[in-house]
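These notes are about the structure you will find just below.
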Amino acid sequence: MSLKITPLDAVLGAEVDGYDFAAAPDSETAEELLAAVDEHLLLLFRNPEPPTPAQVTDFCESFGPLRPTLADKSRLPGFPGINRVSNVDVDGVVGTGGTDVVTFHSDLSFTPPLIEFLYLDAVMLPSSGGTTKWLNLVAAYQDLDEDIRARIDDVGVVYRLRDGLDFGSYFKASDGESLLADRTCISLVQTNPRNGRRSVWPNTGPDFAADVEGHGPDEGTALLAELFAHCTQDRYVYEHYWTVGESVFWLNTQTMHQREAFPPDQIRELRHVNILGHTDPRQAA
């Protein structure tokens, strides 16, 4: 395929022209797209209509193994690697899923192996709201004071689910596999193994973190809160206003994303894929 990759007028992202989801990417095309997402962190494909589930699967598998969504009831029938993200349940009842803001986060940062890439496309959209925001965590890292970078460069964060939040059933598949590792330690600073670029990765601040290596509880909580506040400044934000058919492919380990609220009586349906990538150094035995 002959691709044209044009940077967005934003803090991150590039638009890809010339890609046809009807044909699985050959190795040369996949390498070109990989280099582009490494550089721009996010790639936007303005498709006239959503790709088929098979086309989505072929595209995503070109970049690594797929990790089925944790909530198996939302898996697309026949395509376990694709997750329906919708406020409509399997019986077609509107308003059964969330419509409020889902604050900035990176997907599954608390359970190895890490999700390196994510794919999302728009199937149905509300008349207002429901935009997605992304943060450039490479730029956020580069803007940190040198003393803070030195303090966090080799630090791990021990993750768990916040006390009092009942996510146990959500994070357990029907086959009985629990996807909540006990006290999983993940690097606070992520390094892209292909280009060496570093990003600060505080995920949801202290909400999912139990400990920060080398820090007491209060000190670790304050550090994560400080980093989260730094990363979520407007200067690091790109907000995307969806059109049906569009696809976005991005680096999960060097960004965070947030869904904006939308009217609860309207339908918003997207499709989401987790793609495994490199192993965090703290998980490489």
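When the sequence shown is numbered by the working numbering, its final residue is 306 and no position is left out of the sequence of numbers. C-beta: ideal position from N, C-alpha, C; glycine also.
Fill in: Buried versus exposed call for Q163 [16 or more other C-beta atoms within 10 Å across all chains shown]
exposed
Fill in: Reduced DSSP secondary structure (H/G/I, E/B, other) of S48
helix
Worksheet item: Who does I169 pair with in a DSSP beta bridge?
Response: Paired residues: none, contrary to the question.
Fill in: chain D within 8 Å of T274, Cβ atoms only
Of the protein chains in the structure, only one exists, and it is not chain D.
Worksheet item: Within this structure, are the beta carbons of R289 and P147 separated by less than 8 Å?
Response: yes
Worksheet item: Which runs of the beta strand (DSSP E) spanning at least 3 residues fall entirely within the stretch 225-263, listed in chain order?
Response: 230-233, 258-261
Worksheet entry | Three-state class that DSSP yields for P302 in the structure shown | helix
Worksheet item: So who's on the other strand from H61, going by DSSP bridges?
Response: Its beta-bridge partners do not exist; DSSP assigns none.
Worksheet item: Just how far apart, CA to CA, sit G266 and E60?
Response: 24 Å
Practice prompt. Compute the Euclidean distance between the alpha carbons of Y191 and V109, then round it to the nearest angstrom.
Written response: Low confidence applies to Y191: its pLDDT is 42, below 50, so where it sits in the model is not reliable enough to give any reading.
Practice prompt. Please report how far the alpha carbon of A31 lies from the alpha carbon of N273, in whole angstroms.
Written response: 18 Å
Worksheet item: Given that a residue counts as buried once 16 or more other Cβ atoms are within 10 Å of its Cβ, and exposed if not, what is E70?
Response: exposed
Worksheet item: Leaving out the 5 sequence neighbours to the left and right, which residues in its chain are closer than 6 Å to T50 when beta-carbon positions are compared?
Response: M22
Discussion item. Using 8 Å as the threshold, is the C-beta distance between D301 and I173 below it?
Written reply: no
Item to complete: Kindly confirm or deny that the stretch 35-53 and the stretch 238-250 touch, where touching means at least three C-beta pairs closer than 8 Å.
Response: no
Worksheet item: Between the stretch 36-47 and the stretch 79-99, do three or more beta carbon pairs fall short of 8 Å?
Response: yes
Discussion item. What residue range does the beta strand (DSSP E) around Q211 cover?
Written reply: 210-212
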